[in-house]
Amino acid sequence: MKIIYGRGADRIDLTPAVTEITWSSSRGQIAQVCQAKIRNAPPLGVAGYLMLFSKEQKVSDQFFHGPVVEWDRDEKTGEVSVTAYELSWYLQKNDVQRPYINGDVGKELGRVIKAAGISFECPSFGCKLKERMSTQSYTSLYTQLTEEAYDKTGIRYFVQHERDKLKVLAEGNNPFVPVFKAATLEASNIGESIEELYTVVTVQRYKDDKLASSVSKENGAAVKKYGRMQKIIEAGKDDNLPSIATSQLKKLSEVSRTREITVRFTDPSVAKLRAGWRLDILERNGKQTQWIVTSSSAQSKGMEYMMDLFLESR
């Protein structure tokens, strides 16, 4: 693994001086965060770039690229601690003035962010919106529109970073799928959660601030077993309210299986794993199960990686 600090055209190899390094991501957070401790550190400054490479110092091996947001030096030991975020951190530091969204939410999100000069790819989200949004950061706009898509389609999204290129992908559509063997996991806990469960879904449309139409769908068995939990969705420009209600109820009324694992590995390509990725686990009974990473925390020592992962059943 290589750890490089850059400012302008200058590059400094920090690898031998780094005593501890971690990087983490979570669902709903666009940028990964990286924290490192460095002994006998050269002069470092905020807004310099931290770059992590899983193997060699080349683009294909890079899995983190972003600015140092803060640093501090221990005046007793001289050790320096730095915190850096991926490049998409800048999306929260720039506002967009009252964007007008008119059409497919994903396509409109891509249009607005690209207009700011950012390399940003975004697929169609399969739902529409016609609304003048408030002035807000690009990160806030991304969050608002992806939540809109989740409400109407049940699909979540994450941002895949390729150096300075940002690509929005549906959860589980990662470039490749890592496979871990259950027998080799350092730790594994399995459970269930109703944190995001709903047993009733109501889809509504308003016109001139008045309720124009409303459709409700209920999972009677789930109501009896788990209680009444109602999700209300505003349809916006979408016409088929019954279809949205039926589709969302099917997804939202299922109990989520959860898993926490700790895995140790040496494959450098797996270091790119982040929240939103799908991974498979080859269980002890020979069955291969599919999971979505909801949060990850990783560290590296030499050529070995250790990751703590929170998972949700695919």
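The letter at position 36 of the sequence shown is residue 36 when you use the UniProt record's numbering, and the numbering goes up by one with no holes.
Glycine residues also receive a C-beta, built at the ideal position from the N, C-alpha and C atoms.
Keep in mind the model is a prediction, meaning the values are calculated, not measured.
Asked: If you draw a straight line from the alpha carbon of P123 to that of Y157, how long is it in whole angstroms?; Found: 10 Å
Asked: Once the 5 residues before and after D61 are set aside, which same chain residues still bring their CB inside 7 Å of it?; Found: F53, S54, K55, P268
Asked: Note down, one range per segment and in chain order, each beta strand (DSSP E) of at least 3 residues found wholly within the segment 150-178.; Found: 157-162, 165-170
Asked: Just to confirm, are G172 and R274 a CB contact at a threshold of 8 Å?; Found: no
Asked: Can you tell me whether E108 is buried or exposed, with buried defined as 16 or more other CB within 10 angstroms of its CB?; Found: buried
Asked: Could you give the distance in angstroms between the alpha-carbon of C34 and the alpha-carbon of L211?; Found: 47 Å
Asked: With burial defined as no fewer than 16 other Cβ atoms inside 10 Å of the residue's Cβ, what is the status of Y198: buried or exposed?; Found: buried
Asked: Should I261 and S188 be called a contact, given that it needs their Cβ atoms to be closer than 8 Å?; Found: yes
Asked: Could you tell me which whole alpha helix (DSSP H) segments of length 4 or greater appear in the segment 202-279?; Found: 220-226, 241-252
Asked: Taking its Cβ as the centre, do 16 or more other Cβ atoms sit within 10 Å of D239, making it buried, or is it exposed?; Found: exposed
Asked: Taking C-alpha atoms, which residue in Q299, V112, C127 lies nearest to F120?; Found: V112
Asked: Under 6 Å Cβ to Cβ from E186, same chain only, skipping five residues before and after it: list those, please.; Found: T262, R264
Asked: Rounded to whole angstroms, what is the Cα-Cα separation between E86 and I190?; Found: 31 Å
Asked: Using the C-alpha atoms, what's the distance from V159 back to L91?; Found: 12 Å
Asked: On the DSSP letters alone, give me the boundaries of the alpha helix (DSSP H) that R73 sits inside.; Found: Here R73 belongs to no alpha helix (DSSP H); instead the beta strand (DSSP E) covers 62-73.
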